[in-house]
Amino acid sequence: STNSGNRWKIMARDPPSVVFEIQGNSVTSYSVTAKALEPGVYHVHTQLNVTNVGPGLGPGTTVVVDGEPILKP
């Protein structure tokens, strides 16, 4: 694939930063909006990296994308 290794474009994040602070014992809402660049069946997860602990994966979901590919320059 021409887009191999980069099949998604992040359109929006809320909070807008890639790194943000979550206060202890709290709930922080977040969202990521992405555009698929080519059709396919994808299994995706959220991932939360915690300082001095490491990464943790959230629940996964399967996404089916159809339509024409969007080729990146």
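Each residue of the sequence shown is one higher than the last, beginning at -8 in the numbering used here. Cβ coordinates follow ideal geometry from the N, Cα and C atoms, glycine included.
Separation of the CB atoms of ILE1 and ALA25 is rounded to 5 Å, and the pair is thereby assigned contact status at 8 Å. Around the Cβ of GLU59, a 10 Å sphere holds fewer than 16 other Cβ atoms; the residue is exposed. Looking at the DSSP output, SER22 sits in a beta bridge with ASP5. Residue SER20 holds the alpha-carbon nearest to the alpha-carbon of PRO7 among LEU48, SER20, ASN16 and GLN14. By the neighbour-count criterion, in which 16 or more other beta carbons inside 10 Å mark a residue as buried, GLU29 falls on the buried side.
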